[in-house]
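Heads up: the structure comes next, in structure tokens.
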Amino acid sequence: MIGKATLAAATLMVCSVFAASTAMAGPVITIGGLDGAEHWTWIEAEDAIGGTGSTGVYNSLSISGAPNNADYYSQETSIGSGNVQLTFAAPVNMSADTKIYMRASIERSRRIAFSVDGGAAVSDHMAIQPSGSLPSQFLVQSVNGSNPGSAAVNLGVVSQGEHTLTVTKGDSLTLNWWRFDGFLIYDGTPVLPTAPVDLGIGRVWLPNPTSAASPVITGSVTPTFDISGLAEGNRVGYLLDGEAYTPGTKISAGDHQLVVYVLENVSDSSDRIAFSGANFTVVPEPATIGLLVAGGCLLAARNKR
């Protein structure tokens, strides 16, 4: 997970990018070489564009003093429905098991609908922290004893690359509002973060998710990365299990959390404008395991002499 220490440790593996701006909405992270891993991406609220039937406001202050990312999106509606649009990039082709998780405040359980690139909408009641303050973690709870809500909505297959996400809150009541600071899109079964990471200077981030059942990748594993759409001054960082990772380095056997992030500038507390990763377990090829065992037995036999 990303914290002060790990970001400081990652400084040597972080680069400031000096490139011409492009027409892309933001950096696009592509991850290769990890077929079978659980991949994910996080969408920051700063990308939200107000839609129909509502007045949307991007805010740069914390909500009710709650310990959270200071950047969030607030939407108030006069007729009870409205939508926002956000852009995001899937780091790989994501499977039919892909779900979206919402970190937000809603005044009561509401049916929230999600649509990717204008496709068919998927929805469910999502009752998330109805007190009005943005939580420092994902919360799902019953509101007024009805509509207990869902932790996630299944998006289905999402292809690699840039997409537009439309999020719609629909109901017939008046004076409805909601606030959110982001969405997690995860292909698999995540363990959601339970606490924020304090970066100081009023900036708090959501840490990366882990896996409930880390999928196995057999053989030699060396991930590849392609990051496009970078602007001048953007800072790119790579972490493996919370420590600085050098792209091109072979990953050893065991359970792993890989994170790729892009910051707006060199400051640790600057806006995180792209955030993706993968969870997986590396197991050597059976032949390699046999050689390791044989080598160990030979060494033991020599030591007995």
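Numbering-wise (our numbering), the sequence shown opens with residue 309 and increments by one. No residue lacks a Cβ here, since even glycine has one placed at the ideal position from N, Cα and C.
Report buried or exposed for residue i, applying the criterion of at least 16 other Cβ atoms within 10 angstroms of its Cβ.
| i | result |
| --- | --- |
| residue 489 | buried |
| residue 477 | buried |
| residue 462 | exposed |
| residue 407 | buried |
| residue 465 | exposed |
| residue 403 | exposed |
| residue 346 | buried |
| residue 521 | exposed |
| residue 335 | buried |
| residue 397 | buried |
| residue 560 | exposed |
| residue 554 | exposed |
| residue 562 | exposed |
| residue 557 | exposed |
| residue 368 | Per-residue confidence for residue 368 stands at a pLDDT of 46, beneath the threshold of 50, marking its modelled position as unreliable; no derived number is given. |
| residue 350 | buried |
| residue 471 | buried |
| residue 540 | exposed |
Which two residues bound the contiguous beta strand (DSSP E) that contains residue i?
| i | result |
| --- | --- |
| residue 562 | 562-571 |
| residue 534 | 532-536 |
| residue 547 | 542-548 |
| residue 587 | 580-591 |
| residue 337 | 336-340 |
| residue 529 | Per DSSP, residue 529 belongs to no beta strand (DSSP E) and is neither H nor E. |
| residue 351 | 346-352 |
Can you tell me the Cβ-Cβ gap for residue i and residue j, rounded? I've got them flagged as a contact below 8 Å.
| i | j | result |
| --- | --- | --- |
| residue 424 | residue 473 | 6 Å |
| residue 531 | residue 566 | 6 Å |
| residue 344 | residue 405 | With 8 Å as the limit, residue 344 and residue 405 do not qualify as a contact, their Cβ atoms being about 12 Å apart. |
| residue 475 | residue 392 | 5 Å |
| residue 342 | residue 586 | 5 Å |
| residue 552 | residue 337 | No, residue 552 and residue 337 are not in contact; Cβ-Cβ is about 17 Å, not under 8 Å. |
Taking three-plus beta-carbon pairs below 8 Å as touching, is the region 512-521 in contact with the region 423-432? Pairwise C-beta distances place the region 512-521 out of contact with the region 423-432, as fewer than three of them are shorter than 8 Å.
Evaluate contact between the region 577-595 and the region 526-534, counting only Cβ atoms and requiring at least three cross-stretch pairs below 8 Å. yes
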